[in-house]
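Here's the structure, in structure tokens; my notes come after.
Protein chains: 2
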Amino acid sequence: MSDFKELLDREKVQQCPRHYVLALTDTLNVMNGKWKLPIIASLLHGKTRFKDLQDNIDKITPRMLSKELKELEINGIVERKVYNQTPVLIEYLLTESGKNLTSVIDSMIDWGMLHRTETIKSRW
Amino acid sequence: MSDFKELLDREKVQQCPRHYVLALTDTLNVMNGKWKLPIIASLLHGKTRFKDLQDNIDKITPRMLSKELKELEINGIVERKVYNQTPVLIEYLLTESGKNLTSVIDSMIDWGMLHRTETIKSRW
DNA sequence: ATTAGTACTATACTTTTGTATACTAAGAAT
DNA sequence: ATTCTTAGTATACAAAAGTATAGTACTAAT
Numbered sequence: 001m002s003d004f005k006e007l008l009d010r011e012k013v014q015q016c017p018r019h020y021v022l023a024l025t026d027t028l029n030v031m032n033g034k035w036k037l038p039i040i041a042s043l044l045h046g047k048t049r050f051k052d053l054q055d056n057i058d059k060i061t062p063r064m065l066s067k068e069l070k071e072l073e074i075n076g077i078v079e080r081k082v083y084n085q086t087p088v089l090i091e092y093l094l095t096e097s098g099k100n101l102t103s104v105i106d107s108m109i110d111w112g113m114l115h116r117t118e119t120i121k122s123r124w
Numbered sequence: 125m126s127d128f129k130e131l132l133d134r135e136k137v138q139q140c141p142r143h144y145v146l147a148l149t150d151t152l153n154v155m156n157g158k159w160k161l162p163i164i165a166s167l168l169h170g171k172t173r174f175k176d177l178q179d180n181i182d183k184i185t186p187r188m189l190s191k192e193l194k195e196l197e198i199n200g201i202v203e204r205k206v207y208n209q210t211p212v213l214i215e216y217l218l219t220e221s222g223k224n225l226t227s228v229i230d231s232m233i234d235w236g237m238l239h240r241t242e243t244i245k246s247r248w
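Just so you know, the protein sequences line up as chains S and W, in that order. Oh and the first sequence: position 65 is 65 in the numbering used here, straight run, nothing missing. Here the numbering used here = 1-based position in the second sequence + 124.
Take a look at the structure:
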């Protein structure tokens, strides 16, 4: 387990955290913006096709869906498979890395739920 | 442990995930943008004062720092303490929730590092 | 020839986010 | 009176992200 608190150690600040910082910003970039997580969630739900995703994600425009899928593909989160049938069939699938995001998502959910109970508690 | 894959279960999709989704978007909002994590990292490093944060975070303008600190305060990540000395002293401190973000950050670092090795591997 | 299905792209626009530069408020020290 | 310090705010602007609406390319069936 990496420990972000290592960054508190002045010695290590100089030598080590470069690749931690890079890893962290990678992860942020992958999840950033309004649509990335809804798309990843839909893919986890087993949606694979453009139209299905569009129907499944409230109010996303085809432009945004297209753009975000491209970014996710470039970042190695999504794989795009083309089947030369007619009409053409295209599948979007999560890569292993993409599926591994569930662990990050889970820890975000855990924090979010704890945070909600904490901040509600502190209001009383 | 919450398991995001529960969302794959059609039954649960209807009943349960509302507060998961809320928790998740809370967490995203807390970390979103260019400056939130650098600020949180600086606070973890023990920086507490406006000027220290500004010096510690490369190229942040006072306007952005001010704006982001306000958001972090509203979201219960940071506490602002005013000491009526002269010149006035103001301290920004992470709340318990704020400190707890290290667990999310750690899982993001873990994923990011794994993802880097995976995608490098897959290029050969 | 027209309609329909799939998977998008183009254009123009609005909103949000971030930048640059200058300025303010309050009291203490000189 | 003016200068110093801390902690910001004001104004104007630029860039990035997102929206709205319409249109394209391909093929197959009617």
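No residue lacks a Cβ here, since even glycine has one placed at the ideal position from N, Cα and C.
- Apart from the 5 residues on each side of it in sequence, S/Trp35 sits with its Cβ closer than 8 Å to the Cβ of Ile57, Ile60, Met64, Leu65, Glu68 in its chain, given in chain order.
- Distances from the CA of W/Thr226 to each of W/Leu167, W/His143, W/Asn153 were compared; the closest alpha carbon is that of W/Leu167.
- Selection W/Val212, W/Pro162, W/Gly236, W/Leu177 evaluated against S/Gly98 yields W/Gly236 as nearest (Cα-Cα).
- Beta-bridge annotation (DSSP): S/Val82 is paired with S/Ile90.
- Between the region 168-180 of chain W and the region 209-217 of chain W there are three or more inter-stretch CB-CB distances shorter than 8 Å, so the stretches are counted as touching.
- Counting along the chain, S/Thr25 sits inside the alpha helix (DSSP H) bounded by residues 18-31.
- Listed along chain W, the residues sitting closer than 7 Å to S/Tyr20 by beta-carbon distance are Ile233.
- Within the same chain, Cβ atoms closer than 7 Å to the Cβ of W/Pro162 are found at Ile181, the five residues on either side in sequence being excluded.
- S/Trp35 carries a coil assignment under DSSP once its states are collapsed to helix, strand and coil.
- The beta carbon of W/Leu196 lies closer than 6 Å to those of Val202 in the same chain, with the five residues before and after it left out.
- Residue-level contact by beta carbon holds for W/Met237 and chain S, with a gap shorter than 7 Å.
- Per DSSP, the continuous alpha helix (DSSP H) segment holding S/Asp55 begins and ends at 50-56.
- Apart from the 5 residues on each side of it in sequence, W/His169 sits with its Cβ closer than 8 Å to the Cβ of Asn180 in its chain, given in chain order.
- With the criterion set as a beta carbon lying under 7 Å from some beta carbon of chain W, the members of the region 94-106 of chain S are Glu96, Ser97, Asn100, Leu101, Thr102, Ser103, Val104, Ile105, Asp106, in sequence order.
- Scanning W/Tyr144, W/Lys171, W/Val145, W/Thr151 for the CA closest to the CA of W/Val228 turns up W/Thr151.
- One finds nothing in chain S with a Cβ atom closer than 9 Å to the Cβ of W/Met188; even the nearest lies about 17 Å away.
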